[in-house]
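*Asks:* Numbering-wise, my numbering puts 1348 at position 465 of the sequence shown, and it's gapless, one number per residue. Even for Gly, the Cβ is constructed at its ideal location relative to N, Cα and C. These numbers come from a predicted model, not from an experiment. Take a look at the following structure, please.
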Amino acid sequence: MNIKPMFNTNEMVSLEDYMRSCGVADTKEYLNNQYVEPWQKYDNIIEMAQAINNAIKMRDKFYIITDSDFDGLGTALVQYLYLTKCDSTVDIKILMHNKNPKAHGFEDDEIMDWFRNESKEHIGTIWIGDAGSMNIKECKELSELGYTILISDHHLMSKSNDYAIVVNNQASEKVINKSLSGCGVTFKVCQAIDWLNNTNYSRDLISFVHITNISDSCGFTKTEQQTFRFWGLQMLYPTLLPFIEAFNYKGGTTNKDFSFGIVSRFNAVIRVGTLEQKQALFTALATGKNIDQAIDICKKCKTQQDKTRDSLLENNITIELDSNIVVGKIDTKTPLTGLIANKLLSKYNKPIFLVHERKNGTVEGSCRSTVDLKELCSQSKVFNYAEGHECSFGISWQKENEPKVYEWIASLTLSEPHIDVLQSHTINSLPKYLFNEFGLNKGLYGQDMKDPLIHIHDITINSNDISVMGANGRTIKITKNGIDFMWFIIANADKEKLLNTPYTLEVVGTMGINEWNGVRTPQIIVENFEITESKQKTVDDIF
């Protein structure tokens, strides 16, 4: 394994030491859970708040567009719920991407055609969150048709949009927290409206900000992110609770619980669900009605998504280039490119371009990366676009320019893939205090401050150290020096390796403490491992 320890083996390491190494500026303030960046730092926010207030008073019709992920859905829920708190009779139309489920903002002919037809009878206020900042051409057309366009977004802007009122943390120089989700920026707008009206309706919606920070892989090192997390968990919106109970592991509320629980289910509905299924999920979360039906929809869509993903991964992908960036081509257009790219990222442990060739001569798809890459792509001049987040973004190039793309990839010097770990120890040198320091603080970890990994090497394993657990035998536990090493849902090939004793073992995993019947046992959830077969003992070894 290529391991990169953050601290020396003989150092005493505290949670605060780890947080500072990840980029938390003031750990005491961070852990105080009391700082929210003033909404007044956002450019154009008073103008937008006043426009929304006036639209409510003038009984304008509101049009809300949900973007194609849970940040988009969560944003639309905040918009809808907030507006109905301001005036329960407000006229709101929710629009969802249907024929093109991967579309963003106004980059959807179906949505644009709908507005063109609607303008013949009704003109109102379009409030779009988590998208739209750079849809300048579309905003110009809609503005000329008579719509008022409001955009609360968190994506980078390379130029100003003169046809909409835009509130964007990336474009607001005074704003420190550039990691806030699109839902979070929309929440700031709601705070500003509260200030105008002397209300506090936004307070009840804070949990959507926290969960969208998780779902959009937003960084968690800014103090405000921790405040949103702490209070979001204290004030979970009531309609979320049945979904958390159904999908989060044991109803847990760590970032990982949400990411692998409700977020993955909601995103499955957004990616592969029908329009009616998406609408049913939105309605359940907005009103609390037919939640059991919505939970069933989530289950069915997640199963459908995973089956489709695995089938495409096995049958429809060709690896065109395996260099310092892996380029894979998928022979069919699918809303699951990002999901499949994540699977390839886990396999190759280096940046992935997963793309599809279109009939118009463009090559488009998703990038998932182990290092910051978007800005490098944007500066290269060989791509049509690279839009999104630094390690997770959409990518496109012209088919005729593909040799230049491959030349650019070959010219890159990227750091060798490695695994960042807190420390590296032998089984005998591993200090037990680390489990209390880091295993009991699972709720603090998130993007940019991940659950710290520990590396343990030279572990001698014999058959009596191993237990096979679970009804299907897919859980392995190895107990050594009072520590349980756990593999959950283990692959058959890995299981066979572990059962073939004796050997020495090297692992990387996260630390935790398992409590059962009042007994607390240090535990490591293994994420990576390697085995070196031990030599059979000879007479010379014994004597």
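(1) To which residues of the same chain is isoleucine 977 closer than 6 Å at the C-beta, ignoring the five residues directly before and after it?
(2) Starting from the Cα of leucine 1025, find the closest Cα among Ile1372, Phe1321, Ser1002, Tyr965 and give me that residue.
(3) First and last residue of the beta strand (DSSP E) that includes serine 1275?
(4) Under three-state DSSP, which class holds asparagine 1284?
(5) Among Glu1410, Gly1015, Leu1323, which has the Cα closest to the Cα of isoleucine 1359?
(6) Short of 7 Å in beta carbon distance, which residues of its chain neighbour serine 1055, apart from the five on each side in sequence? Order them along the chain.
(7) Assuming threonine 1186 contacts asparagine 1199 under a Cβ cut-off of 8 Å, what Cβ separation, rounded to an integer in Å, is found between them?
(8) As a quick exercise: from Gly1329, Asp1013, Ile1059, Gln1262, pick the residue whose alpha carbon is nearest that of phenylalanine 989.
(9) Confirm, please, whether the CB-CB distance from proline 1218 to proline 984 is below 8 Å.
(10) For glutamine 1117 and methionine 1332, what's the separation of their Cα atoms in angstroms?
(11) What does a CB cutoff of less than 6 Å around arginine 1403 pick up in its chain, not counting 5 residues either side in sequence?
(12) In chain order, what are the residue ranges of uninterrupted beta strand (DSSP E) at least 3 long that sit wholly in the region 1011–1096?
(13) What separation, rounded to the nearest whole angstrom, lies between the Cα atoms of asparagine 1324 and glutamine 1109?
(14) Please go through the region 1311–1380 and give each complete beta strand (DSSP E) segment of 3 or more residues, from N-terminal end onward.
(15) Check whether the Cβ atoms of methionine 884 and isoleucine 1302 lie closer than 8 Å to each other.
(16) Excluding five sequence neighbours on each side, which residues of the same chain lie with their C-beta closer than 7 Å to the C-beta of glycine 1029?
(17) Could you check how far apart the C-beta atoms of isoleucine 1032 and isoleucine 1009 are, in whole angstroms? I think they sit under 8 Å.
(18) So is leucine 1158 buried or exposed if we call it buried at 16+ other beta carbons inside 10 Å?
(19) Looking at the structure shown, is valine 1391 part of a helix, part of a strand, or coil, going by DSSP?
(20) How many Å lie between methionine 902 and lysine 944 at the Cα?
(21) Classify glutamine 1262: buried if its beta carbon has 16 or more other beta carbons within 10 angstroms, exposed otherwise.
(22) Do you know whose CA, among Phe953, Ser1090, Phe1412, lies nearest leucine 1124's CA?
(23) In whole angstroms, give me the CA-to-CA distance for valine 896 and tyrosine 1316.
(24) Under a three-way DSSP split, which group does alanine 1177 fall into?
(25) Thinking C-beta only, is threonine 1106 closer than 8 Å to glycine 1171?
(26) According to DSSP, is proline 1405 part of a helix, a strand, or is it coil?
(27) May I have the straight-line CA-CA distance separating glutamine 1419 from tyrosine 1231, to the nearest angstrom?
(28) By Cβ distance below 8 Å, which residues in the same chain neighbour threonine 1191 in space, the five residues on each side in sequence not counted?
(29) Using DSSP's beta-bridge definition, name the partner residues of proline 888.
(30) Only counting the same chain, and skipping five residues up and downstream in sequence, which positions put a Cβ closer than 8 Å to that of asparagine 891?
(31) Using DSSP with H/G/I as helix, E/B as strand and the rest coil, what is threonine 1104?
(32) Tell me whether glycine 1211 sits in a helix, a strand or coil according to DSSP, three-state version.
(33) Less than 8 Å separating the beta-carbons of isoleucine 1223 and leucine 1195?
(34) Pick out the complete alpha helix (DSSP H) segments inside the region 1189–1277, 4 residues or longer, and give them in chain order.
(35) Does DSSP put lysine 1003 in a helix, in a strand, or in coil?
(36) Bridge partners for glutamate 1413 per DSSP, in chain order?
*Replies:* In this structure, then:
(1) Cβ neighbours of isoleucine 977 beyond the five flanking positions: Ile947.
(2) Sorting Ile1372, Phe1321, Ser1002, Tyr965 by C-alpha distance to the C-alpha of leucine 1025 places Ser1002 at the top.
(3) Bounds of the beta strand (DSSP E) holding serine 1275 are 1275–1281.
(4) DSSP, read as helix, strand or coil, puts asparagine 1284 in helix.
(5) Of the candidates Glu1410, Gly1015, Leu1323, the residue whose Cα lies closest to the Cα of isoleucine 1359 is Glu1410.
(6) Residues Lys924, Tyr925, Asp926 of the same chain have their beta carbon placed closer than 7 Å to that of serine 1055, with the five preceding and five following residues left out of the count.
(7) About 19 Å separates the Cβ atoms of threonine 1186 and asparagine 1199, ruling out a contact at the 8 Å cut-off.
(8) The shortest Cα separation from phenylalanine 989 among Gly1329, Asp1013, Ile1059, Gln1262 belongs to Asp1013.
(9) Judged by beta-carbon spacing, proline 1218 lies within the 8 Å limit of proline 984, meaning their Cβ atoms are closer than that value.
(10) Cα to Cα, the separation comes out at about 21 Å.
(11) For arginine 1403, where only same-chain residues beyond five positions count, the Cβ hits under 6 Å are Ile1396.
(12) With a minimum length of 3 residues, the continuous beta strand (DSSP E) runs that stay inside the region 1011–1096 are 1031–1036, 1048–1051.
(13) The alpha-carbon atoms of asparagine 1324 and glutamine 1109 are separated by roughly 13 Å.
(14) The qualifying runs are 1336–1344, 1349–1352, 1358–1363, 1366–1370.
(15) Going by C-beta atoms, methionine 884 is nearer than 8 Å to isoleucine 1302.
(16) Here the set comprises Ser1002, Ile1006.
(17) Right, their Cβ atoms sit about 5 Å apart.
(18) Burial check for leucine 1158: the Cβ neighbour count within 10 Å stays below 16, so the residue is exposed.
(19) When DSSP states are grouped into helix, strand and coil, valine 1391 belongs to the strand group.
(20) If I take the Cα positions, the gap works out to 46 Å.
(21) Exposed, since its Cβ has fewer than 16 Cβ neighbours within 10 Å.
(22) Ranking the options by Cα distance to leucine 1124, first place goes to Ser1090.
(23) Distance between the alpha carbons of valine 896 and tyrosine 1316 is about 9 Å.
(24) Judged by DSSP in its simplified three-state form, alanine 1177 adopts helix.
(25) The Cβ atoms of glycine 1171 and threonine 1106 lie no closer than 8 Å to each other.
(26) When secondary structure is reduced to three states using DSSP, proline 1405 falls in the strand class.
(27) Its pLDDT being 45, under 50, glutamine 1419 is placed unreliably in this model, and the value from its coordinates should be taken loosely. If I take the Cα positions, the gap works out to 34 Å.
(28) Excluding residues within five positions, the ones whose Cβ falls inside 8 Å are Val1155, Thr1217, Leu1219.
(29) Assignment of beta-bridge partners to proline 888 by DSSP yields Val1304.
(30) Excluding sequence neighbours, asparagine 891 sits near Gln1306.
(31) The three-state reading of DSSP puts threonine 1104 in coil, since its state is none of H, G, I, E or B.
(32) It is a strand residue.
(33) Contact flag set, yes.
(34) Listed in chain order, they are 1220–1231, 1257–1263.
(35) Note: lysine 1003 maps to coil in three-state DSSP.
(36) Partner residues in the beta bridge of glutamate 1413, as assigned by DSSP, are Glu1389.
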